[in-house]
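Student: Below is the structure I would like to discuss, written out as structure tokens.
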Amino acid sequence: MSATALKLRHRLFGTVGNSLLTLAMLAAFVAFVPPLLRWAVTDATWAAATPETCRANGGACWAFVHEKYRLILFGRYPYEQQWRPLTALALAITLVLASCSLRFGWRTVVAGWAAGVVTIIVLMRGGVLGLDYVPTDLWGGLPLTVFLALGGIVGAFPLAVVLALGRRSRLRLVKAICVAFIEMVRGVPLVTVLFMASFMIPLFLPGKVQADALLRALAAITLFSAAYLAEAIRGGLQAVPEGQDQAAEALGLTYWQTSLLVIVPQALRHAIPAMANLFIGLFKDTSLVGIVGLTDLLLATKQALGDPQWRSFAMEGYIFVALIYVAFCFFISRYSRSLERRLRRDHG
2 MSATALKLRH RLFGTVGNSL LTLAMLAAFV AFVPPLLRWA VTDATWAAAT
52 PETCRANGGA CWAFVHEKYR LILFGRYPYE QQWRPLTALA LAITLVLASC
102 SLRFGWRTVV AGWAAGVVTI IVLMRGGVLG LDYVPTDLWG GLPLTVFLAL
152 GGIVGAFPLA VVLALGRRSR LRLVKAICVA FIEMVRGVPL VTVLFMASFM
202 IPLFLPGKVQ ADALLRALAA ITLFSAAYLA EAIRGGLQAV PEGQDQAAEA
252 LGLTYWQTSL LVIVPQALRH AIPAMANLFI GLFKDTSLVG IVGLTDLLLA
302 TKQALGDPQW RSFAMEGYIF VALIYVAFCF FISRYSRSLE RRLRRDHG
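Take a look at the structure:
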């Protein structure tokens, strides 16, 4: 018997407890996996079928996803213009992948994102270059979810760094303001912040000034995420040896030079796991914007299920949406792990 087989046997049947647990898992696999495969694959109805055909087959009705995928993915965006959010989404994903590859300098990345954001806004909103104007209340589906998540991450990150540094500041007023903001925001759920941004902010604005609902929701997500991210970064700051401050001071660096060039980069390296966890949570929390009238991916799926003929196939629709969330969250998780390994290898 090979060494690998012996090691596997020891892990699965090395003790009485491990043996019982292995047998229980095998029994559960035999009991649940074959029926699940029959429902999801063998007896499933895949495309170009009516609800009656799905009910007659008895398996999963993936024909619902085939019939309603454009509504699920793009919400109420005009049907004939849905190439625009598709192009904008592809551009955003391309920019993310290019940034994550670490093959380009920061100037190239910043310039690419600046041009990309302008292009995405032009594509989604229109009104120029012969594109029809589409108000933000018609944006929805997967592009809206991705844009809210990316906007929240990009906006929260610099604010979180300032809050984390401010919480460690020796100036009492600055420290008190940062602590008050962090604790106040962390003390309430995101739903409360979204309601405040959506319904309370317009009450404090002049009568002729109107804040877009999408921008208000993005501001709420950014502020909420910044408070949590600041605590993750503060944990990373505490992991940096105190001698780094003294060494930077001996070299004649100012406070901001020391913080931004020496301390913060090391703190971010220590905080990568916590930040990845927060980014995953932020991507999933974008589904809460449905309560303030924005049609995110989950709400678009609920609207697709509003068709009485397909209402009984909700499970298939939610499985489809769940797989999309899993794919994006899995990418964030894997990238954070690879980045952590790379930084550990580069810094010995």
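Residue 2 is where the sequence shown starts when you use this note's numbering, and the numbers rise one by one after that. Don't be surprised by glycine CBs; every beta carbon is placed ideally from N, CA and C.
(1) Is it the case that the Cβ atoms of residue 287 and residue 149 are separated by a distance below 7 Å?
(2) Indicate whether residue 272 and residue 234 have their beta-carbon atoms separated by less than 7 Å.
(3) Going by DSSP, what residue range makes up the alpha helix (DSSP H) through residue 253?
(4) Can you give the beta carbon distance from residue 302 to residue 319, rounded, assuming they're within the 8 Å contact cut?
(5) Classify residue 36: buried if its beta carbon has 16 or more other beta carbons within 10 angstroms, exposed otherwise.
(6) Flag this pair as yes or no: are the beta carbons of residue 311 and residue 65 separated by less than 7 Å?
(7) Can you grab the Cα-Cα spacing for the pair residue 161 / residue 246, in whole Å?
(8) Can you find at least 3 beta carbon pairs, one from the stretch 156 to 176 and one from the stretch 216 to 230, that sit closer than 8 Å?
(9) Less than 7 Å between C-beta atoms, sequence neighbours within five positions excluded: which residues of the same chain meet that for residue 83?
(10) Where does residue 1 land, buried or exposed, given buried means 16+ other C-beta within 10 angstroms?
(11) Let's see if you can read the secondary structure: which residues bound the alpha helix (DSSP H) around residue 53?
(12) Out of 196, 164, 172 and 289, which has the shortest C-alpha to C-alpha gap to residue 184?
(13) Looking at C-alpha atoms only, which residue of 289, 284, 231 and 254 is the closest neighbour of residue 269?
(14) Write down every uninterrupted run of the alpha helix (DSSP H) in the stretch 123 to 194 whose length is 4 residues or greater and which is fully enclosed by it, in chain order.
(15) Going by the C-beta, is residue 300 closer than 6 Å to any heavy atom of the ligand GTP?
(16) If you follow the alpha helix (DSSP H) that residue 70 is in, where does it begin and where does it stop?
(17) State the Cα-Cα distance for the pair residue 292 and residue 8, rounded to the nearest angstrom.
(18) Whose C-alpha, out of 114, 44 and 62, is nearest the C-alpha of residue 51?
(19) Helix, strand or coil for residue 246? Go by DSSP, reduced to three states.
(20) Who does residue 5 pair with in a DSSP beta bridge?
(21) In whole angstroms, what separates the C-alpha of residue 339 from that of residue 276?
(22) Is the CB-CB distance between residue 330 and residue 281 below 7 Å?
(23) Going by DSSP, what residue range makes up the alpha helix (DSSP H) through residue 81?
Tutor: Taking the coordinates as given:
(1) Going by C-beta atoms, residue 287 is nearer than 7 Å to residue 149.
(2) Against a cut-off of 7 Å, the Cβ pair of residue 234 and residue 272 comes out as a contact.
(3) No alpha helix (DSSP H) contains residue 253, which DSSP labels as neither H nor E.
(4) With 8 Å as the limit, residue 302 and residue 319 qualify as a contact, their Cβ atoms being about 7 Å apart.
(5) Exposure of residue 36 is indicated by the presence of fewer than 16 other C-beta atoms within 10 angstroms of its C-beta.
(6) yes
(7) Each residue's alpha carbon lies about 20 Å from the other.
(8) yes
(9) For residue 83, the CB contacts under 7 Å within the same chain, skipping 5 residues up- and downstream, are 71 and 75 in chain order.
(10) Only positions 2 to 349 of the chain appear in this structure, which leaves residue 1 out of reach.
(11) 52 to 58
(12) Looking at the Cα atoms, 164 is the closest of the given residues.
(13) 231
(14) 142 to 168 and 173 to 187
(15) No copy of the ligand GTP occurs in the structure displayed, which carries no ligand at all.
(16) 64 to 75
(17) 52 Å
(18) 62
(19) Here residue 246 sits in helix by DSSP.
(20) DSSP lists no partner for residue 5.
(21) Spanning the two alpha carbons is a distance of roughly 14 Å.
(22) yes
(23) For residue 81, no alpha helix (DSSP H) segment is defined, and its DSSP state is neither H nor E.
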